[in-house]
Amino acid sequence: MNEKEYTLARLILRLANTIVKNRNVYLGTLDLTASQADSLRFFLSNPGASITELKEFLGITHQTARGLVFRMEAKGLVQVQRSDCDARIQRVFPTAAGEELGDTLHRNGIRTGSRLLRGMTEEEQQQFYLLAQTALRNVEHYGVEEEEKGSNQ
1 MNEKEYTLAR LILRLANTIV KNRNVYLGTL DLTASQADSL RFFLSNPGAS
51 ITELKEFLGI THQTARGLVF RMEAKGLVQV QRSDCDARIQ RVFPTAAGEE
101 LGDTLHRNGI RTGSRLLRGM TEEEQQQFYL LAQTALRNVE HYGVEEEEKG
151 SNQ
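Read in the working numbering, the sequence shown has 54 at position 54, and its numbers run on one by one without any break.
And the structure:
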């Protein structure tokens, strides 16, 4: 039984790595990094959010978030404005070019999802989606402490 679990974990890791590799190649053709693409998606979903909110969303330092925003601003994807209420806060808004690129990224995400589901029936697709959600929840907050508890039992 353990071998099956190990093989499954390796298969899922290989699937994730392949998706990430393909994404990075695609983003390179758009002159974007994965972090910039994730940041753009964040600001498209949260126009006017602050750099601090991006920092918290991505779990990165403030300096890294600032660097991402200013590189995207230099590419014309976002516009940075000082808050009227507090000059220390900088609000970030996607530009028309950023919105257009966001649509392109969304379409590519749909293509990737379609490739993942190719050859599955509608019922298998729904089951795969639910099982993937369950698997993610199972490992999302899995830490070293749980690993140590498991080996002591």
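For each residue, glycine too, the CB sits at the ideal point set by N, CA and C.
Terminal residues of the beta strand (DSSP E) in which residue i lies
{"i": "residue 88", "result": "Per DSSP, residue 88 belongs to no beta strand (DSSP E) and is neither H nor E."}
Endpoints, the alpha helix (DSSP H) within which residue i is located
{"i": "residue 41", "result": "34-45"}
{"i": "residue 118", "result": "Looking at the DSSP string, residue 118 is not in any alpha helix (DSSP H), and its letter there is neither H nor E."}
{"i": "residue 18", "result": "2-29"}
{"i": "residue 62", "result": "62-74"}
{"i": "residue 77", "result": "From DSSP, residue 77 is part of no alpha helix (DSSP H); its letter is neither H nor E."}
{"i": "residue 129", "result": "122-140"}
{"i": "residue 52", "result": "51-58"}
Rounded straight-line distance, which links the Cα of residue j to that of residue i
{"i": "residue 90", "j": "residue 32", "result": "22 angstroms"}
{"i": "residue 151", "j": "residue 84", "result": "Any answer about residue 151 is weak, because its pLDDT of 48 lies below 50 and its placement is not dependable; what the coordinates show is given next. So the two alpha carbons sit approximately 55 angstroms from each other."}
{"i": "residue 29", "j": "residue 101", "result": "12 angstroms"}
{"i": "residue 4", "j": "residue 74", "result": "49 angstroms"}
{"i": "residue 47", "j": "residue 97", "result": "14 angstroms"}
{"i": "residue 112", "j": "residue 61", "result": "30 angstroms"}
{"i": "residue 103", "j": "residue 110", "result": "11 angstroms"}
{"i": "residue 107", "j": "residue 22", "result": "14 angstroms"}
{"i": "residue 95", "j": "residue 8", "result": "43 angstroms"}
Whole-number beta carbon distance between residue j and residue i, since they are thought to touch under 8 angstroms
{"i": "residue 81", "j": "residue 93", "result": "7 angstroms"}
Beta-carbon gap between residue i and residue j smaller than 8 angstroms
{"i": "residue 37", "j": "residue 105", "result": "yes"}
{"i": "residue 131", "j": "residue 125", "result": "no"}
Nearest residue (CA-CA) to residue i, options the options
{"i": "residue 40", "options": "19, 18, 65, 25", "result": "65"}
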